[in-house]
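Chains as they are written, first to last, in our numbering: chain A, 6 to 119; chain B, 33 to 288.
Take a look at the structure:
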């Protein structure tokens, strides 16, 4: 590995070879595991309290938090290069745009007729 | 090779007498470095996972829309799902993901025995998940909650009396609205079924990876197949992290 870095070409900024390779430790994985278990308990518990409109919002917020933690640590995105981070971000952003545009369509179908 | 001619790479002078500068047999000659090869692999895997986000996203969106249209039917149908089994399955799947993450670590630090053990545990928890899922599907079959000719709306039109309170747990809904519970169960089977299908494919790949890991292929610095499969397995976990609250939990509170 180090043999390659020795004759690394600093002028070559196009190729994403600058990413430091980072190994996530088992301790870090254990913290993530405990976090996910804790929030699974929280989401089940919260479901039995009547919070009105907040019930689905809270459930989705907890699920999203867990998903972000899995993506950052189990899937190593926190330690990846900018290319990978941008790719993941662009994917979720595109998904968000598609959902919002479709929602806007359905909400405005019967506009003014209610 | 245009960009390598100007560099100071020792191998540039004999670009085609390759392999002498390669540390790993898996390092392909069209990548300048192992890091670059690894990055390209992760990038490709993530592009595949983005298509998966769009695929499952469509199902989630259908669920969101129909839940708003036929809210009473979706609320009573959702409350028929088995929360304890769903919660246990969530814990089982998180455990499976944890073992997979430890497996990636084991491959990175070249611990062959621990890698094989973690892959076996990942497979084991995956199979437990599918077993519990099968039990839930069987419960739906017994209750006539599978959409189609033998679907029964009786439980939604005439909710059974709870012996403790002397009243039904759920408000009865009109027969035409009750028919829309089939839509909920259709989406339930479509979403959890596609999720389970991804797990079955994953378990098949896990058997293959475990065999290769046992032969020592991933404990010599070549981690990419383990790492990229890990990305897939964690993605399947994430889908379940959303399926569980959205299908099982968000209508529990109105229970009287």
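Where a beta carbon is used, it is the ideal one built from N, C-alpha and C, also for glycine.
Q.
Quick check: residue 266 of chain B and residue 75 of chain A, are their CB atoms within less than 8 Å of each other?
A. yes
Q. With a Cβ-Cβ cutoff of 8 Å, do residue 275 of chain B and residue 223 of chain B count as a contact?
A. yes
**Q.** Alpha carbon of residue 133 of chain B to alpha carbon of residue 73 of chain B, nearest angstrom
**A.** 18 Å
Q.
Taking the alpha helix (DSSP H) that residue 247 of chain B belongs to, which residues open and close that run?
A. No alpha helix (DSSP H) holds residue 247 of chain B; DSSP gives it neither H nor E.
Q. Any idea what DSSP makes of residue 101 of chain A, helix, strand or coil?
A. helix
(Q) Using a 10 Å radius around the Cβ and a threshold of 16 neighbouring Cβ atoms, would you call residue 170 of chain B buried or exposed? (A) exposed
Q. Just by C-beta distance, which residues in the stretch 81–114 of chain B are closer than 7 Å to chain A?
A. 82, 85, 86, 89, 93, 97
Q: Could you please tell me which residues of the stretch 94–106 of chain A, in chain order, have their CB closer than 9 Å to any CB of chain B?
A: 95, 96, 97, 99, 100, 103, 104
Q) Using a C-beta to C-beta distance shorter than 8 Å, which residues of chain B count as neighbours of residue 49 of chain A? A) 115, 119, 281
Q. Roughly how many angstroms lie between the CA atoms of residue 203 of chain B and residue 211 of chain B, to the nearest whole one?
A. 15 Å
Q. When you compare only the Cα positions, how much space is there between residue 253 of chain B and residue 147 of chain B?
A. 13 Å
Q.
How far does the alpha helix (DSSP H) with residue 57 of chain A in it extend, from its first residue to its last?
A. Where residue 57 of chain A is concerned, there is no enclosing alpha helix (DSSP H), given that its DSSP letter is neither H nor E.
Q) Does the stretch 27–36 of chain A come close enough to the stretch 115–127 of chain B that 3 or more CB-CB pairs lie under 8 Å? A) no
**Q.** Span of the alpha helix (DSSP H), counted from its first residue to its last, around residue 168 of chain B
**A.** 144–174
**Q.** Burial state of residue 273 of chain B, where buried means 16 or more other Cβ atoms lie within 10 Å
**A.** buried
Q. Where does residue 121 of chain B fall in DSSP's three states?
A. helix
Q) Cβ-heavy atom distance between residue 118 of chain B and the ligand NAD below 7 Å? A) This structure does not include the ligand NAD; it has no bound ligands of any sort.
Q | Contact residues within the stretch 191–212 of chain B, judged by C-beta distance below 7 Å to chain A | A | none
Q. Would you say residue 68 of chain A faces chain B, with C-beta separation under 8 Å as the test?
A. yes
Q.
I'd like to know whether the C-beta of residue 115 of chain A is nearer than 8 Å to at least one C-beta of chain B.
A. no
Q) Taking any Cβ of chain A, which residues in the stretch 140–160 of chain B have a Cβ under 8 Å from it, in chain order? A) 140, 141
Q) Interface residues of chain A around residue 269 of chain B at Cβ under 7 Å? A) 75
Q: Decide yes or no for the touch test of the stretch 231–239 of chain B against the stretch 159–177 of chain B: beta carbon pairs closer than 8 Å, at least 3 of them.
A: yes
Q. Does DSSP put residue 204 of chain B in a helix, a strand or coil?
A. coil
Q. Expressed to the nearest angstrom, what Euclidean distance is found between the alpha-carbon atoms of residue 66 of chain A and residue 117 of chain A?
A. 32 Å
Q) Using 8 Å as the limit for Cβ to Cβ distance, is residue 163 of chain B near chain A? A) no
Q. Expressed to the nearest angstrom, what Euclidean distance is found between the alpha-carbon atoms of residue 196 of chain B and residue 283 of chain B?
A. 21 Å
Q) Which one or two residues does DSSP pair with residue 193 of chain B in a beta bridge? A) B:200
Q: Measure from the C-beta of residue 74 of chain B to each C-beta in chain A and report whether the shortest distance is under 8 Å.
A: yes
Q) Residues in its own chain within less than 6 Å of residue 78 of chain A by CB, not counting five upstream and five downstream? A) 37
Q. At a Cβ threshold of 8 Å, is residue 188 of chain B touching chain A?
A. no
Q.
Could you tell me the alpha carbon to alpha carbon distance between residue 87 of chain A and residue 50 of chain A, rounded to whole angstroms?
A. 38 Å
Q | chain A contact residues for residue 133 of chain B, given Cβ-Cβ distances below 7 Å | A | 34, 79
Q) Would a C-beta distance cut-off of 8 Å place residue 40 of chain A and residue 285 of chain B closer than the cut-off? A) no
Q) What are the boundary residues of the alpha helix (DSSP H) that includes residue 64 of chain B? A) Unbroken run through residue 64 of chain B: none, as it is neither H nor E.
Q: Could you check how far apart the C-beta atoms of residue 102 of chain A and residue 90 of chain A are, in whole angstroms? I think they sit under 8 Å.
A: Not a contact, Cβ separation roughly 19 Å.
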